[in-house]
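One structure is given below, encoded as structure tokens.
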Amino acid sequence: MTVAVWESLRRNPLRFAFSTWPLRCWAFLLSGTVLGFAVLFLLTALLFVGVGLSVVGVGLLVLMAVAVSGIPVAALERRRLRLVEPEPLLDPHGSLPGTGAWPWLRTRLRERATWRELGYTLVLGVVSTTTGFGFAALFGLSVILTLTPAIVWAIAPDTVMLVPGRSISDPVAALPGSAIGLFGLFVSAYVGGLLTGAHVWVAQFLLSARDEDLSSRVIELTRSRARLIDAFEAERRRIERDLHDGAQQQLVALSMTLGLAEMELRGQDSPAVALIARARGEAREALGQLRSLVRGIHPQVLTDHGLPAALAELALRNPIPVTVDIDLPHRLPPAIETTAYFTVTEALTNASKHSGADQVTVVGRLRDDKLVLLITDNGHGGADPAAGAGLQGLADRVAILKGRLVVTSPVGGPTQLRAEVPCSA
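Residue 128 in the working numbering sits at position 128 of the sequence shown; the count goes up by one each step and never skips.
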């Protein structure tokens, strides 16, 4: 752990006393003394109240308040540390599973960071307060001695007693005391720097996020991402089902009704015949567009027959000839199949719009429990993710399941997209 104030002392000890570091260290230590005394007083009062009322049960709530009291103190200390430490400390606490006091308390009491912060609070209340009072005495005496000539001049003709049994009434005679005070301030600069560095080191050790905190946060984010993916897929399937069973069936019924009306009016010289025929054609066109929309939301063939069949159907609808070679030993998890399908869909769309290719090949294999897709076109190449060709969107889609996308596209072609998605994601 690197402590900025110690680094400054080590690099240039003499220059340290004439920089802004002493002022920052003094402000940090003196404010810490006041804060530490207040924390010590509150902790002592809460402990006495909690122990005294524990026989009636209310004291247990007070003792739990003591246990989590380090959380707000630590949050304040992370802000106060910015006086002397340029690198901010990361908050070690994870997100909460719900709202309310009880989920918050239950989650925080299970975290190791909460108990480390309580330990830091005790150190701040006892050790920092004790050393802070000692430093405040040294600093205060040095300031008073430094200002002695001004004090003597301000209260003349009375005398000022610097030491017992000796009084001074002449400001000039107080200059030796001022010199001693300046030396005291010089010493206070280094003492303050050393004490501040020790305080920062303890704070970094107890208040910063550790590997286990970050690991638990990564696990929590992974689970949250998986829940979001499942919720998104469920909502998309619901929309697809509603469109398929609702709007699509109504359009089919409308088209049939218009067909019956056209049959009833056939042979009659009426302008309604042409209008009904036109309306029937528009209904068929709307039905076709709706079916394309439903397939784009979530193709039913993907759910019923799996990824190879869905990609084969996708290749038939693509304006550029597509050769599909998918050899999988078994069905993949639904999230993997869906991600792979829409990754290929977007890749084919990009190839049709931007590559100028006349042939695309899609190859899929399962290697080491990882789905590997190779999408190759014989276009002019030069694909750039920063050019807005949709490659960044492809990479984001694959990254959702902890996969990766590698693009190889030299100028002149060919362009190859390699998508790797772990099936355990």
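Ideal Cβ positions, reconstructed from N, Cα and C, are used throughout, including at glycine. For clarity, every value in this text was computed on a predicted model and none was experimentally measured.
Using DSSP with H/G/I as helix, E/B as strand and the rest coil, what is residue i?
{"i": "Ile400", "result": "coil"}
{"i": "Gln392", "result": "helix"}
{"i": "Ile144", "result": "helix"}
{"i": "Ala279", "result": "helix"}
{"i": "Gly413", "result": "coil"}
{"i": "Asp358", "result": "coil"}
{"i": "Asp427", "result": "No answer is possible for residue 427: the residues shown for the chain start at 1 and end at 425."}
{"i": "Gln268", "result": "coil"}
{"i": "Phe18", "result": "coil"}
{"i": "Asp91", "result": "coil"}
{"i": "Pro149", "result": "helix"}
{"i": "Ser32", "result": "According to the sequence as given, residue 32 is Gly; it is not Ser. Helix, per DSSP."}
{"i": "Pro157", "result": "Only weak support exists for where Pro157 lies, its pLDDT of 49 falling under 50; the value from the coordinates is given anyway. Correct three-state label for Pro157: coil."}
{"i": "Gly246", "result": "helix"}
{"i": "Ser208", "result": "coil"}
{"i": "Thr2", "result": "coil"}
{"i": "Pro308", "result": "helix"}
{"i": "Gly86", "result": "Looking at the sequence itself, residue 86 is Pro, so the reference to Gly does not match. Coil."}
{"i": "Leu332", "result": "coil"}
{"i": "Ala75", "result": "helix"}
{"i": "Pro13", "result": "helix"}
{"i": "Glu285", "result": "helix"}
{"i": "Gly382", "result": "coil"}
{"i": "Ser424", "result": "coil"}
{"i": "Glu111", "result": "coil"}
{"i": "Ser69", "result": "coil"}
{"i": "Pro299", "result": "coil"}
{"i": "Gly57", "result": "coil"}
Apart from the five residues just before and just after residue i, which ones in its own chain have a Cβ nearer than 7 Å to its Cβ?
{"i": "Leu83", "result": "Arg24, Ala27 and Phe28"}
{"i": "Val39", "result": "Val73, Thr121, Leu124 and Gly125"}
{"i": "Gly70", "result": "Thr114, Glu117, Leu118, Tyr120 and Thr121"}
{"i": "Asp369", "result": "Pro422, Cys423 and Ser424"}
{"i": "Gly36", "result": "Leu124, Gly125, Ser128, Thr129 and Gly132"}
Between residue i and the rest of its own chain, which residues show a CB-CB distance below 6 Å, the 5 nearest in sequence each way excluded?
{"i": "Leu328", "result": "Leu366"}
{"i": "Gly306", "result": "Arg331"}
{"i": "Val163", "result": "The pLDDT assigned to Val163 is 47, lower than 50, so where the model puts this residue is not dependable, and the model offers no usable value."}
{"i": "Leu145", "result": "Gly177, Ile180 and Gly181"}
{"i": "Glu264", "result": "none"}
{"i": "Ala395", "result": "Leu405"}
Under 8 Å Cβ to Cβ from residue i, same chain only, skipping five residues before and after it: list those, please.
{"i": "Val398", "result": "Thr339, Thr343, Arg404, Leu405, Ala419, Glu420 and Val421"}
{"i": "Thr33", "result": "Ser128, Thr129, Gly132, Phe133, Phe135 and Ala136"}
{"i": "Gly259", "result": "Arg280"}
{"i": "Gly193", "result": "Val5, Trp6, Ser8, Leu9, Phe16, Trp21, Pro22 and Cys25"}
{"i": "Leu109", "result": "Met64, Ala67 and Val68"}
{"i": "Arg147", "result": "Sequence check: residue 147 is Leu here, not Arg. The answer, listed in chain order, is Ser178 and Gly181."}
{"i": "Val202", "result": "Tyr120 and Val123"}
Based on Cα-Cα distance, which residue from the options lies nearest to residue i?
{"i": "Pro414", "options": "Leu258, Met263, Gly259 and Val360", "result": "Val360"}
{"i": "Val411", "options": "Met263, Ser270, Gly197 and His380", "result": "His380"}
{"i": "Arg80", "options": "Arg106, Leu61 and Ser31", "result": "Ser31"}
{"i": "Arg317", "options": "Leu46, Arg106 and Ser352", "result": "Ser352"}
{"i": "Pro308", "options": "Leu373, Val143 and Val55", "result": "Leu373"}
{"i": "Leu335", "options": "Gly393, Glu313, Lys402 and Leu35", "result": "According to the sequence shown, residue 335 is Ala rather than Leu. Ala335 has its Cα closest to that of Lys402, out of Gly393, Glu313, Lys402 and Leu35."}
{"i": "Arg78", "options": "Gln268, Thr323, Phe205 and Leu265", "result": "Phe205"}
{"i": "Ala253", "options": "Ile276, Leu348 and Ala283", "result": "Ala283"}
{"i": "Ser188", "options": "Ser208, Ala272 and Gly140", "result": "Gly140"}
{"i": "Asp358", "options": "Val322, Thr345 and Gln392", "result": "Val322"}
{"i": "Ala247", "options": "Thr2, Gly288, Asp269 and Arg278", "result": "Gly288"}
{"i": "Met256", "options": "Ala272, Asp269 and Ala277", "result": "Ala277"}
{"i": "Leu251", "options": "Leu290, Phe48 and Glu111", "result": "Leu290"}
{"i": "Leu14", "options": "Glu85, Tyr341, Phe186 and Thr349", "result": "Phe186"}
{"i": "Leu43", "options": "Val56, Gly57, Glu313 and Val62", "result": "Val62"}
{"i": "Glu85", "options": "Arg266, Gln249, Ala198 and Val407", "result": "Ala198"}
Who does residue i pair with in a DSSP beta bridge?
{"i": "Arg365", "result": "Asp327 and Val372"}
{"i": "Leu405", "result": "Ala419"}
{"i": "Val322", "result": "Val360"}
Can you tell me the Cβ-Cβ gap for residue i and residue j, rounded? I've got them flagged as a contact below 8 Å.
{"i": "Ser409", "j": "Gly382", "result": "6 Å"}
{"i": "Ser355", "j": "Asp377", "result": "5 Å"}
{"i": "Ala310", "j": "Pro299", "result": "5 Å"}
{"i": "Val66", "j": "Gly52", "result": "Wrong, their Cβ atoms sit about 13 Å apart, outside the cutoff."}
{"i": "Leu138", "j": "Val200", "result": "With 8 Å as the limit, Leu138 and Val200 do not qualify as a contact, their Cβ atoms being about 20 Å apart."}
{"i": "Glu262", "j": "Leu302", "result": "About 37 Å separates the two Cβ atoms, so there is no contact after all."}
{"i": "Ile375", "j": "Ala347", "result": "5 Å"}
{"i": "Ala209", "j": "Pro92", "result": "4 Å"}
{"i": "Ser54", "j": "Leu60", "result": "6 Å"}
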